[in-house]
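For the sequence shown, the numbering used here gives the first residue as 3, with consecutive numbering after it.
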Amino acid sequence: MKESLMDILCDPLDKSDLELEVTDRDGDEIITGRLVGTVTGEEYPIEDGIPNLLPPDMRDDE
Numbered sequence: 003m004k005e006s007l008m009d010i011l012c013d014p015l016d017k018s019d020l021e022l023e024v025t026d027r028d029g030d031e032i033i034t035g036r037l038v039g040t041v042t043g044e045e046y047p048i049e050d051g052i053p054n055l056l057p058p059d060m061r062d063d064e
């Protein structure tokens, strides 16, 4: 995921902003980390460069 994507992403639950927490980065590509809703506090994982923005009750957590 490119950090510039943050300009258009929002929390799917309430459309508020998301904060980015990076765990692993390769150049300008974010490989792992999480997005956190600034209002809801909900966490959305970033795995293999792909953000999972499904609401918590719709995720298949393994």
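Yeah, the Cβ is synthetic: ideal placement off N, Cα and C, and Gly gets one too.
For aspartate 28, the beta-bridge partners assigned by DSSP are Glu31.
Only residues of its own chain outside the window of five on either side were considered, and among them Ile32, Gly35 have a CB closer than 6 angstroms to the CB of valine 24, listed in chain order. In the DSSP assignment, arginine 36 forms a beta bridge with Glu23, Pro47. In this model, leucine 37 and glutamate 44 are separated by some 8 angstroms (Cα to Cα). If you draw a straight line from the Cα of glutamate 21 to the Cα of glycine 39, it comes to about 6 angstroms.
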